[in-house]
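Notes follow the structure.
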Amino acid sequence: MTSTQTTAPRTLAEKVWNDHLVRQGEAGRPDLIYIDLHLLHEVTSPQAFEGLRLAGRGLRRTDLTIATEDHNTPTENIFSTIADETSRKQIETLRRNCEEFGVRLHSLGDAEQGIVHVVGPQLGLTQPGMTVVCGDSHTSTHGAFGALAFGIGTSEVEHVMATQTLSLAPFKTMAINVEGTLKPGVSSKDIILAVIAKIGTGGGQGHVLEYRGSAIRSLSMEARMTICNMSIEAGARAGMIAPDRTTFDYVEGRPHAPQGEDWDAAVEYWKTLHTDEGATFDREVFINADELEPFVTWGTNPGQGVPLSQAVPDPEDAGDDNAKDAARRALEYMGLEAGTPMKQIPVDTVFLGSCTNSRIEDLRAAAAIVKGRSKAENVRVMVVPGSAKVRLQAEAEGLDKVFTDFGADWRFAGCSMCLGMNPDQLAPGERCASTSNRNFEGRQGKGGRTHLVSPVVAAATAVRGTLSAPSDLEPVA
Amino acid sequence: MEKFTTHRGVGAPLKQSNVDTDQIIPAVYLKRITKTGFDDALFAGWRKNPEFVLNQPEYRNASVLVAGADFGTGSSREHAVWALRDYGFKAVISSRFADIFRGNSGKQGLLAAQVDQSDVELLWKLMEEQPGVEIQVNLESRTVTCGPVTVPFQIDDYTRWRLMEGLDDIGLTLQHEADIDAYERTRPAFKPTTLPART
Ligand code: SF4
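Going line by line, the protein sequences match chains V and B.
Heads up: the first sequence at position 167 corresponds to 166 in numbering that gives the first Met the number 0, and the numbers run straight through without jumps.
Heads up: the second sequence at position 188 corresponds to 187 in numbering that gives the first Met the number 0, and the numbers run straight through without jumps.
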């Protein structure tokens with residue numbers, strides 16, 4: 000990706016980059032890029048605020064900054080005092096810092112609180128053509144709107160606070176072309192798991208992935224966010240989808256959406272945000288949506304996945320010695336034998352939540368499957384909406400009732416069991432079908448075993464107690 | 000930030016690929032609110048295992064980590080770099096680094112030196128033949144030396160310059176504050192602001 004202003008055909012990512020160029024880096028130096036929206040949460044911000052304070056610097060644009068509390072949320076009862084002292088301290092520190100620097104904060108109990116990547120789009124703060132950053136790798140989620148959105152480290156958080164810019168070397172670009180029609184029971188989560196299994200957890204390194212093609216165009220905004228969310232699991236800096244009617248309709252009328260003449264001007268600009276005919280990508284990948292099946296991971300990185308209808312692969316069939324070794328280690332950690340059909344693997348817990356799959360549409364899809372059924376005995380089922388707003392909306396639609404009748408636990412909004420940082424954790428050896436994004440060792444709790452799945456696979460698994468696709472279920476009597 | 004030109008210290012072989020940031024520092028340590036004191040958190044899940052490389056007496060004082068490919072994948076947590084730094088590491092050598100990890104390293108004065116996988120394996124061999132052997136990392140000449148062997152490493156020019164000058168990021172950018180002001184004046188009115196809050 001070049002950062003020169005040009006009339007030559009450009010990719011979507013190049014257009015957004017160029018429109019945010021404050022200063023072009025000379026002689027191999029990085030460009031200075033303007034940041035339109037800076038999202039904060041309690042985990043990666045305290046040291047950045049501390050850095051500002053130590054250097055006697057202020058926060059340049061409080062009006063382009065917003066904070067929410069998510070990682071440490073007690074989802075069983077959001078109004079309870081946080082028992083863990085360090086968790087409580089992080090939350091209190093965020094509150095103090097936001098107060099001191101004048102940053103808008105949505106605290107536990109507030110109607111707009113929730114996972115940072117659910118809150119931004121929901122408020123209409125995430126819009127096409129923006130640059131969005133957060134000290135959180137899943138910031139790539141916002142790319143679903145045609146924004147250039149990526150995770151940054153804490154020093155960069157401090158840099159954005161002080162300057163509203165970042166020094167960045169241009170990214171490379173990769174097209175992920177997904178053509179065709181998804182079969183029933185196959186969802187956007189399966190697309191992205193298949194992409195990662197194909198290109199590997201390092202395959203996207205240094206690239207912005209642009210998801211294109213008829214299968215992508217047909218997806219809702221929620222489904223697009225699921226895909227962009229996991230771009231980072233392929234090692235990419237960001238994921239993007241060109242904005243279209245679906246995007247505009249989603250943004251329109253949200254609290255921070257442009258209004259009146261601003262709306263018209265915005266849409267006119269947004270319509271220019273697509274990869275030009277003839278623009279070239281550094282790499283292209285092709286996926287046939289017709290052939291996709293529900294996908295599930297068997298190992299300890301998101302690239303170690305197979306279609307659910309298959310068996311646990313034999314490490315001997317993995318590429319080089321390193322890959323074989325990694326596969327062996329993964330199977331040992333996961334407590335799995337090569338050759339076991341995936342569908343025979345029993346789970347202890349089903350987790351429906353996280354910034355990957357906790358939006359209203361995800362909850363609706365899962366609820367449609369569990370409705371009128373009861374969960375398998377001995378399986379714990381947790382449903383954790385991504386934001387307080389999603390929770391309220393679900394309750395207004397009666398989804399909470401569907402889940403609790405089914406035997407699931409209906410919780411308050413937060414990151415919950417996506418990561419072992421709050422009370423929602425797996426016990427050592429506990430096996431979980433999870434709609435989150437990471438199956439790393441210990442991610443959901445020390446010794447916990449994670450299988451990444453889509454919301455509908457999570458729901459079917461909760462019914463049968465073994466990893467299952469919706470098509471495995473008997474019709475409701 | 001301290002200036003970095005060369006460093007010489009005990010090398011530790013971490014013969015594993017895909018060492019993700021959850022392994023470098025488990026999430027539970029992210030709750031802290033300070034910028035230092037993370038030495039105890041480094042590889043916390045593995046530190047209890049007496050077989051783990053850093054628990055071998057020869058490697059206790061290691062300051063150069065030689066790891067497998069795809070080091071630092073996973074979350075963007077900068078704590079991974081702080082933990083390595085606080086433990087005493089000055090340089091990490093691998094054939095491939097995750098982008099965010101590499102970026103974070105450069106900003107904290109930790110050198111992420113990219114070396115061919117065959118050279119990583121050569122270094123591992125030398126380190127195993129002579130546990131506790133010192134490794135010299137020379138940023139000026141972009142080379143790693145262990146005993147008789149010297150291999151090149153890659154690092155982008157800009158990060159190298161900054162490490163060698165010990166330059167802080169924000170200070171560098173604020174030299175261009177006039178450009179930022181000028182850019183802000185051209186931003187379209189339809190771009191959203193978080194304040195005043197609308198809900
Ligand atoms: S839900 Fe999980 S991945 Fe998303 S922001 Fe929270 S911890 Fe990170």
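Every residue gets a Cβ at the ideal spot worked out from N, C-alpha and C, and that includes glycine.
{"Query": "One question on the structure: do threonine 198(B) and leucine 291(V) come within less than 9 Å of each other, judged by their Cβ atoms?", "Result": "no"}
{"Query": "So which residues on chain B does arginine 448(V) lean against when the C-beta distance must stay under 7 Å?", "Result": "Within chain B, no residue comes near arginine 448(V); the closest Cβ sits about 14 Å away, beyond 7 Å."}
{"Query": "By a C-beta neighbour count over all protein chains shown, 10 Å radius and 16 as the cutoff for buried, is asparagine 203(B) buried or exposed?", "Result": "Only positions 0 to 198 of chain B appear in this structure, which leaves residue 203(B) out of reach."}
{"Query": "Pairs of beta-carbons, one from the region 252 to 265 of chain V and one from the region 111 to 128 of chain V, closer than 8 Å: are there three or more?", "Result": "yes"}
{"Query": "Indicate whether at least one CB of chain B lies closer than 9 Å to the CB of asparagine 300(V).", "Result": "yes"}
{"Query": "Rounded to the nearest angstrom, how far is the Cβ of glycine 115(V) from that of aspartate 69(V), given a contact under 8 Å?", "Result": "According to the sequence as given, residue 115(V) is valine; it is not glycine. So it is a contact: roughly 6 Å between Cβ atoms."}
{"Query": "Which runs of the alpha helix (DSSP H) spanning at least 4 residues fall entirely within the region 128 to 196 of chain B, listed in chain order?", "Result": "156 to 164, 168 to 173, 176 to 185"}
{"Query": "Which residues in chain V sit within 7 Å of serine 74(B), going by Cβ to Cβ distance?", "Result": "Ser136"}
{"Query": "Taking the alpha-carbon of valine 148(B) as reference, which of Pro191(B), Lys124(B), Pro49(B) has the nearest alpha-carbon?", "Result": "Lys124(B)"}
{"Query": "By Cβ distance, which residues of its chain are closer than 6 Å to threonine 61(V), with the 5 residues on each side in sequence left out?", "Result": "Gly101, Val102"}
{"Query": "Is there a Cβ of chain V sitting closer than 9 Å to that of valine 80(B), yes or no?", "Result": "yes"}
{"Query": "Note down, in chain order, each residue of its chain lying with its Cβ closer than 6 Å to the Cβ of glycine 199(V), except the 5 sequence neighbours on either side.", "Result": "Gly302"}
{"Query": "For phenylalanine 285(V), collect the residues of the same chain with a Cβ closer than 6 Å to its Cβ; drop the 5 residues on either side in sequence, then sort them by chain order.", "Result": "Asn176"}
{"Query": "Can you tell me which of the three DSSP states asparagine 103(B) falls into?", "Result": "helix"}
{"Query": "With respect to the beta strand (DSSP E) encompassing valine 389(V), which residues constitute its N-terminal and C-terminal limits?", "Result": "No beta strand (DSSP E) holds valine 389(V); the alpha helix (DSSP H) holding it covers 387 to 395."}
{"Query": "Should the region 91 to 98 of chain B be called in touch with the region 110 to 119 of chain B, which here means at least 3 C-beta pairs below 8 Å?", "Result": "yes"}
{"Query": "Measure from the alpha carbon of alanine 222(V) to the alpha carbon of each residue in Glu276(V), Gly318(V), Thr164(V), Val117(V), then state which is nearest.", "Result": "Val117(V)"}
{"Query": "Quick check on the DSSP output: what are the complete beta strand (DSSP E) runs of length 3 or more inside the region 75 to 154 of chain V, in order along the chain?", "Result": "103 to 105, 130 to 133, 147 to 150"}
{"Query": "With 9 Å set as the bound, which would you pick, yes or no: does the beta-carbon of serine 93(B) sit closer than that to a beta-carbon of chain V?", "Result": "no"}
{"Query": "If the criterion is Cβ atoms closer than 9 Å, does the pair arginine 141(B) and leucine 109(B) meet it?", "Result": "no"}
{"Query": "Would you report the Cα separation of isoleucine 179(B) and methionine 163(B), rounded to the nearest angstrom?", "Result": "27 Å"}
{"Query": "Excluding five sequence neighbours on each side, which residues of the same chain lie with their C-beta closer than 6 Å to the C-beta of tyrosine 182(B)?", "Result": "none"}
{"Query": "Examine the ligand SF4 and report whether any of its heavy atoms sits within less than 8 Å of the Cβ of arginine 437(V).", "Result": "yes"}
{"Query": "CB-CB under 7 Å to glycine 128(V), same chain, minus the five flanking residues each way: which ones, in chain order?", "Result": "Val15, Asp18, Gly145, Ala146, Tyr268, Trp269, Leu272"}
{"Query": "Could you work out which residue in Gly259(V), Ala288(V), Ala278(V) is closest to serine 217(V) when comparing CA atoms only?", "Result": "Ala288(V)"}
{"Query": "List the residues that DSSP assigns as beta-bridge partners of glycine 286(B).", "Result": "Only positions 0 to 198 of chain B appear in this structure, which leaves residue 286(B) out of reach."}
{"Query": "In this structure, what does DSSP give as the bridge partners for glutamate 209(V)?", "Result": "Ala174(V), Met239(V)"}
{"Query": "Alpha carbon to alpha carbon, how far is valine 80(B) from asparagine 103(B)? Give it in angstroms, no decimals.", "Result": "7 Å"}
{"Query": "My output table needs one value for glutamate 276(V): the three-state DSSP class, helix, strand or coil.", "Result": "coil"}
{"Query": "Which of the three DSSP states, helix, strand or coil, is assigned to isoleucine 32(B)?", "Result": "coil"}
{"Query": "Find the nearest neighbour of lysine 2(B) within the set Thr72(B), Glu139(B), Gly10(B), Pro12(B), judged by alpha-carbon distance.", "Result": "Glu139(B)"}
{"Query": "Would you mind working out which of Gly385(V), Glu155(V), His141(V) sits nearest glycine 134(V), comparing C-alpha positions?", "Result": "Glu155(V)"}
{"Query": "Would you mind working out which of Ala457(V), Leu351(V), Asp263(V), Pro293(V) sits nearest methionine 381(V), comparing C-alpha positions?", "Result": "Leu351(V)"}
{"Query": "Per DSSP, histidine 70(V) is paired with what?", "Result": "Partner(s): none; histidine 70(V) has no beta bridge."}
{"Query": "Name the chain V residues whose beta carbon is nearer than 7 Å to that of arginine 31(B)?", "Result": "Thr85"}
{"Query": "Between which two residues does the alpha helix (DSSP H) harbouring cysteine 227(V) extend?", "Result": "220 to 228"}
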